[in-house]
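Quick note on numbering: the sequence shown equals residues 17 to 327 in the working numbering.
Glycine included, every Cβ here is placed at the ideal spot set by N, Cα and C.
Read the structure below first, then the notes.
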Amino acid sequence: MASVIDPELLAEARRIQVRADRMVTDVMAGGYSSVFRGSGIEFDEVREFAEGDELRSVDWNVTARTGRPFVKKFVEERELTVLFLLDVSASMAFGSTPPGSSRRTVATTAALFVGCVAFAAARNNDKAGLITFTDRIERYVPAKKGRNHVLRLIREACAPPVPKSRSDLVAALDYAGRVQRRRAIVFVVSDFLAADVGNKLRLLSQRHDVIAVRIRDPFAAGLLPDGTVGTLPEVGLLHVADPETGRTIVVDTQSARVRRELQQRWQLERQQLLDTCRRAKVDLLDVHTTGSVADPLVRFFRMRELRGAKR
């Protein structure tokens, strides 16, 4: 029996489809294709030496270990694969303003980001796939080409975060490394409230081009409009609930000590993730729930272009 798609979910997916497509057309044209390019050839496997093989293709390390000659086999890379690793745990449902306001939830912003990059990939004739996760893998959509496939990815990305679920980013990164064997561009889209993931990020980046995309609401992250860390707004006693554990606390936002400690924790958290990404050789891209999703993407593309030109 065919499943019935929630009309509200379908309407949200269509809104994101239109906005993402427009952003790609108006703002991001050329940025994606100039930054992400095929490498020409890609390592595939090693196999035993056969008559007619060139000596320069011999893998001397494997040959020395086995005592028999082995050669490296390469395949021509004509296209790219983009894989989105999307956090759909309960914390992604956060939004600091009521529905109908100009500020999006973290989850909606993440879906819009997926739509923008997926449309850019489709226009470049690249494949795109999606893995959604909480403390388990929720959905795996293998990479394919075409606009219709992009629309499916957007619908999957628009599904509401799983209530009372936690995020296990370590397991998700491990799963992505197992299912995506060929080199890919992997966008890890999350609020990054999980445990340390430095080791798994580093391992994944050894095979793939990994970009950590941190989606945050400025209020939850203590951010000012320019992206720097600010202080907690003074709104009196604030009842705060952890969407993943259900635990609730009352925060006195007028307390100077509380405001100072929260600011220090925000600064420490931001610096720790930045340091983790640097050690893992992974780029970090911050996207906020206010303003355009395309603007930070364009800045990111320009940064990658400039960095590539200096090499």
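Residues in its own chain within less than 7 Å of residue i by CB, not counting five upstream and five downstream?
{"i": "V229", "result": "F129, F203, V204, V205, L301, V303"}
{"i": "A316", "result": "In the sequence as presented, Ala is not what sits at residue 316; that position holds Phe. Same-chain partners within the cutoff: L301."}
Apart from the five residues on each side of it in sequence, which residues of its chain come closer than 6 Å, Cβ to Cβ, to residue i?
{"i": "G111", "result": "T121"}
{"i": "V256", "result": "I265, V267"}
{"i": "F292", "result": "What sits at residue 292 in the sequence shown is Thr, not Phe. Around T292: G214."}
{"i": "D225", "result": "I201"}
Classify residue i: buried if its beta carbon has 16 or more other beta carbons within 10 angstroms, exposed otherwise.
{"i": "L146", "result": "buried"}
{"i": "Q33", "result": "buried"}
{"i": "M108", "result": "buried"}
{"i": "A134", "result": "buried"}
{"i": "R286", "result": "buried"}
{"i": "P364", "result": "Past the edges of the chain, shown from 17 to 327, lies residue 364, and the structure says nothing about it."}
{"i": "L313", "result": "buried"}
{"i": "S50", "result": "exposed"}
{"i": "L322", "result": "exposed"}
{"i": "S73", "result": "exposed"}
With a cut-off of 8 Å on the beta carbons, I'd call residue i and residue j a contact; round off their distance for me.
{"i": "A200", "j": "V166", "result": "16 Å between Cβ atoms; not a contact."}
Kindly indicate which three-state DSSP category residue i falls into: helix, strand or coil?
{"i": "S105", "result": "coil"}
{"i": "L301", "result": "strand"}
{"i": "P23", "result": "helix"}
{"i": "L290", "result": "helix"}
{"i": "E92", "result": "With a pLDDT of 48 at E92, under the threshold of 50, the predicted position of this residue should be treated as unreliable, though the coordinate-derived value follows. The answer is strand: DSSP assigns E92 an E or B state."}
{"i": "L209", "result": "coil"}
{"i": "K143", "result": "strand"}
{"i": "K216", "result": "helix"}
{"i": "A200", "result": "coil"}
{"i": "V195", "result": "helix"}
{"i": "V122", "result": "helix"}
{"i": "E64", "result": "strand"}
{"i": "D190", "result": "helix"}
The ligand MN heavy atoms versus the CB of residue i: any closer than 7 Å?
{"i": "S112", "result": "The ligand MN is not among the ligands present in this structure, which contains no ligands whatsoever."}
**Prompt:** At a cut of 8 Å, does the segment 151–164 reach the segment 59–76 through at least three beta carbon pairs?
**Reply:** The way I'd put it, the segment 151–164 doesn't touch the segment 59–76; fewer than three beta-carbon pairs between them come closer than 8 Å.
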